[in-house]
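Residue numbers (our numbering): 323 to 572. For reference, the structure discussed in these notes is given below.
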């Protein structure tokens, strides 16, 4: 019998991420919605991967830091991944700066949780994959793409050298043309790469991706930001997905 896998990532950034997005509104909301989220995940017995900004794990106060909440994620059995330290776009950094982001975030998160950090989630999902090419793009709306100076293969080499084993990547072409398909795990330069084929959220495309993972024995890679759970439709879609997954799990 074929069995698919579902991996749900939560990109947890607090106010540092909001600042990098030129937004002053959702840093604290990440924290508030994560409190609800952790209770809900416990109710449905679902474990997720929280891609945490290293800066958020430092000692300090809200809305920039929440070390106790991050420790709670790990204590409750969720994977803690690195989402870099500052949430700068890797495609705009030199290699020395990229390596610093990888090492610093890993060090801070491992010290806080006492657990190895082996997964990396690039800020802004960059560099994107476009039919096997490494590309960059502007922020929303993004009508143009162009070759990225940071190739995915080189990012994976740097990840491997700094002690990572897995990375979430983004298939921008599948988002455009085939939003509801699951992915195969690909190994690039010693790193297991998990490709997201849908946009953020848990609507119809996410459910289709889950069904595809079962049918084709692949992986459904879904993601969202905790602060988006403040939106009624996002929260309802997530709860519907939890019920849907519970119904089909054997």
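Note that CB positions come from ideal geometry on N, CA and C, so glycine has one too.
Inter-residue Cα distance where the pair is residue i and residue j
i	j	result
residue 333	residue 443	8 Å
residue 439	residue 368	20 Å
residue 430	residue 407	9 Å
residue 466	residue 344	21 Å
residue 413	residue 471	6 Å
residue 523	residue 564	13 Å
residue 453	residue 432	35 Å
residue 570	residue 535	12 Å
residue 419	residue 568	42 Å
residue 487	residue 513	5 Å
residue 394	residue 325	30 Å
residue 537	residue 495	21 Å
Whole-angstrom C-beta distance between residue j and residue i, which should lie under 8 Å
i	j	result
residue 574	residue 505	Residue 574 lies beyond the residue range present for the chain, which begins at 323 and ends at 572; the question has no answer from this structure.
residue 392	residue 374	6 Å
residue 425	residue 484	5 Å
residue 543	residue 518	4 Å
residue 551	residue 348	Not quite, the Cβ-Cβ distance comes to about 11 Å (not below 8 Å), so this is no contact.
Residue i (DSSP reduced to helix, strand or coil)
i	result
residue 559	helix
residue 488	strand
residue 434	helix
residue 493	strand
residue 469	strand
residue 446	helix
Beta carbon of residue i nearer than 9 Å to that of residue j
i	j	result
residue 473	residue 449	yes
residue 490	residue 441	yes
residue 384	residue 355	no
residue 364	residue 352	no
residue 437	residue 378	no
residue 328	residue 457	no
residue 434	residue 389	yes
Please specify which runs of the alpha helix (DSSP H), each continuous and at least 4 residues long, are wholly inside the region 342 to 376, giving them in chain order. 349 to 366
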